[in-house]
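Each residue of the sequence shown is one higher than the one before, starting from 132 at the first, in this note's numbering. Cβ coordinates follow ideal geometry from the N, Cα and C atoms, glycine included. From a predicted model like this one, the values you see are computed outputs, not experimental measurements. Below is one structure; the comments refer to it alone.
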Amino acid sequence: MYFVVLLVLHIYLGESSFLPVTVDVGSPEEPSRNSCVKMDSSILETMLSLMKNQFGATSLYVRDIRSAMADLRNQVAELKEVQEETQTKNKTGELIPAVAVQQISDLRPYFTAEKAVDDNTDTQSHTGIGRNLWYRYRFASPEKVGIVKIINGKIDAVYYARLNGTRVVVMVSDVQRIECHPNSLTTREGVGIEAQTYYIDCGGVVGVGVELNLDSTTHLGAYLEIRELKVYAA
């Protein structure tokens, strides 16, 4: 920084020019310790302006670098998430059919729990608005649960985040639950079936079914919407 300022001053003043100075040297044997150097005020202003500009540019560069690093971290996190989900998807075993499905409420007669297991992506289940929402998928007998595949009820760019925060648990019994991984679903941007399909790993926990839970984060409540739900054995 100081080198830049001095270099510019050298160019500004010219190679053979010197700063105007007045030096009190005192006696020849002992130079005075109160020597003073006086600079033209315009040169001082030039130095201050150069330093201000240089520091300002440096600040901008730092902000740019920090912004780029934040973007890079986000991209790495997204790639890691895609890689983990791909690995989870590849672990799917045999389909465990549901002998019974149930949800806390139906928004309309055509939004029943059965619509999430009818192998038709043009239909969906849809609860009424509320808090502490749930959807239950029961097996014929205890099974080792591997992967749970969930297709979001909303596959558009507006309401896809309604499913965000949904927890998937294995129903070990009517009263005991064990969480799967990740312990809550994080929705992502994207339109269409493929973009709004999620895979949750339940790690081989033995249970009699799977349950989806969604607790509303607002006093207005939420909806739990599922286009398709499939459970695979470990």
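Between residue i and residue j, what straight-line distance do the alpha-carbon atoms span, to the nearest angstrom?
| i | j | result |
| --- | --- | --- |
| Asn205 | Ala271 | 43 Å |
| Arg358 | Leu351 | 23 Å |
| Met302 | Ile196 | 48 Å |
| Ser236 | Tyr266 | 9 Å |
| Arg308 | Pro240 | 29 Å |
| Thr317 | Lys280 | 14 Å |
| Thr349 | Glu274 | 35 Å |
| Ala365 | Ser198 | 42 Å |
| Gln255 | Tyr354 | 12 Å |
| Val152 | Arg194 | Because the pLDDT of Val152 is 39, which lies under 50, any placement of that residue in the model is unreliable, and the number read from its coordinates should be weighed accordingly. Rounded to whole angstroms, Val152 to Arg194 spans 40 Å at the Cα level. |
| Met200 | Lys361 | 39 Å |
| Gln238 | His257 | Just to set this straight, residue 238 is Leu in the shown sequence, not Gln. Answer to the nearest angstrom: the Cα atoms are 6 Å apart. |
| Glu356 | Gln233 | 13 Å |
| Val207 | Ala292 | 22 Å |
| Ile324 | Thr252 | 8 Å |
| Leu217 | Ser304 | First, the amino acid is wrong: residue 217 is Thr here, not Leu. Going by the C-alpha atoms only, they are around 30 Å apart. |
| Thr243 | Leu203 | 43 Å |
| Val276 | Asp250 | 20 Å |
| Lys222 | Leu264 | 28 Å |
| Leu210 | Ile227 | 30 Å |
| Thr219 | Pro313 | 11 Å |
| Gly335 | Val322 | 31 Å |
| Cys333 | Gly296 | 16 Å |
Would you mind stating whether residue i and residue j have Cβ atoms separated by less than 7 Å?
| i | j | result |
| --- | --- | --- |
| Gly224 | Tyr363 | yes |
| Arg269 | Asn344 | no |
| Ala331 | Cys311 | Reading off the sequence, residue 331 comes out as Ile, not Ala. Yes, Cβ-Cβ distance for Ile331 and Cys311 is below 7 Å. |
| Ala347 | Arg262 | The question names Ala, but residue 347 is Ser in the sequence shown. The answer is yes: Cβ separation under 7 Å. |
| Val248 | Ala229 | yes |
| Leu300 | Glu245 | Before going on, a small fix: residue 300 reads as Val here, not Leu. No. Outside cutoff. |
Quick one: what's residue i bridged to in DSSP?
| i | result |
| --- | --- |
| Gln307 | DSSP, once it has assigned bridges, lists no residue as partnering Gln307. |
| Tyr266 | Gln234, Leu343 |
| Ala353 | Gly261 |
| Leu226 | Tyr363 |
| Asn283 | Ile357 |
Among the candidates the options, whose CA atom is the shortest distance from the CA of residue i?
| i | options | result |
| --- | --- | --- |
| Val289 | Glu320, Gly277, Ser315 | Glu320 |
| Ala326 | Asp346, Asn283, Ser304, Pro240 | Asn283 |
| Thr328 | Leu294, Ser236, Asp305 | Leu294 |
| Val337 | Leu360, Gly296, Ile278 | Ile278 |
| Val306 | Ile324, Gly323, Phe242, Val339 | Val339 |
I'd like the span of the beta strand (DSSP E) that includes residue i, first residue to last.
| i | result |
| --- | --- |
| Lys246 | Premise fails: Lys246 is in no beta strand (DSSP E) and is neither H nor E. |
| Arg358 | 356-364 |
| Arg298 | 298-302 |
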